[in-house]
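Contents: one structure, followed by commentary.
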Amino acid sequence: VAISNSSERESEALNHKKVVLGQLGKLHGIKGWLRLSSFTNPTENIFEYPTLLAEIDNRWQVLEIDEYRQQSNGFVVHIKGYDEPEIARQLSGIRLAINSQLLPKLDEDSYYWYELEGMKVVNLQGENFGQVSSLLETGANDVLVVKPTDDSIDARERLIPYIADSVIDHIDSEERFIKVNWEADYLE
Numbered sequence: 089v090a091i092s093n094s095s096e097r098e099s100e101a102l103n104h105k106k107v108v109l110g111q112l113g114k115l116h117g118i119k120g121w122l123r124l125s126s127f128t129n130p131t132e133n134i135f136e137y138p139t140l141l142a143e144i145d146n147r148w149q150v151l152e153i154d155e156y157r158q159q160s161n162g163f164v165v166h167i168k169g170y171d172e173p174e175i176a177r178q179l180s181g182i183r184l185a186i187n188s189q190l191l192p193k194l195d196e197d198s199y200y201w202y203e204l205e206g207m208k209v210v211n212l213q214g215e216n217f218g219q220v221s222s223l224l225e226t227g228a229n230d231v232l233v234v235k236p237t238d239d240s241i242d243a244r245e246r247l248i249p250y251i252a253d254s255v256i257d258h259i260d261s262e263e264r265f266i267k268v269n270w271e272a273d274y275l276e
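Residue numbers (our numbering): 89 to 276.
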């Protein structure tokens, strides 16, 4: 799959940190439409970005959604220039992202999930639990999924609620760690 004629501004965007907003799914119909799983909240926010970056063959390339429709189980989209099903099928499974600098600025002490992923997690006693591998949305509050690392205190995966000021003690975005008020043996 090749994308050509990207502008200088689009080329510059390819060099910045990416935030994955969705993933293309199976072919839908005979005119090159594809199913889309949006990871944004609300899900239709993905369409606020006129161009998206697609990770194709380990390279980020510019794609444009020129039409979309909501269906009962999500969205179907048409990608500009991918009118034939045989060509569009090549995009199935492709992740769609944007340059992180395009995201709206958050208030101080607020973070996007992607900013927390990969951060080291330690408790108030200085015990290393591992690093944030992902987050879960539960309704009541978000939950950090903390996977053990080679230097963590044990091999347990931990689910730690993201509750500011009671569980989350401090986030150091420069040093990339989160200090939590959480006992090592909680829920053992």
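Ideal placement from N, C-alpha and C gives every residue a C-beta, glycine not left out.
Item	Value
Out of S198, S188, L247, S125, which one is the CA nearest neighbour of S180?	S125
Are the Cβ atoms of V312 and E225 separated by less than 8 angstroms?	Only positions 89 to 276 of the chain appear in this structure, which leaves residue 312 out of reach.
Around the C-beta of Q213, are 16 or more other C-beta atoms found within 10 angstroms, so that it is buried, or is it exposed?	exposed
From this set, N211, I134, V164, which residue's C-alpha is nearest A272's C-alpha?	N211
Could you check the C-alpha separation between E203 and Y250 for me, to the nearest Å?	14 angstroms
Could you please give the first and the last residue of the uninterrupted alpha helix (DSSP H) stretch that includes A228?	Segment: none, A228 is in no alpha helix (DSSP H) and carries neither H nor E.
Can you name the residues that DSSP bridges to L124?	L112, F163
In angstroms, rounded to a whole number, what distance separates the CA positions of N93 and Q149?	With a pLDDT of only 37 at N93, under 50, the local geometry of the prediction cannot be trusted, and the value read off the model is given with reservation. Answer to the nearest angstrom: the Cα atoms are 11 angstroms apart.
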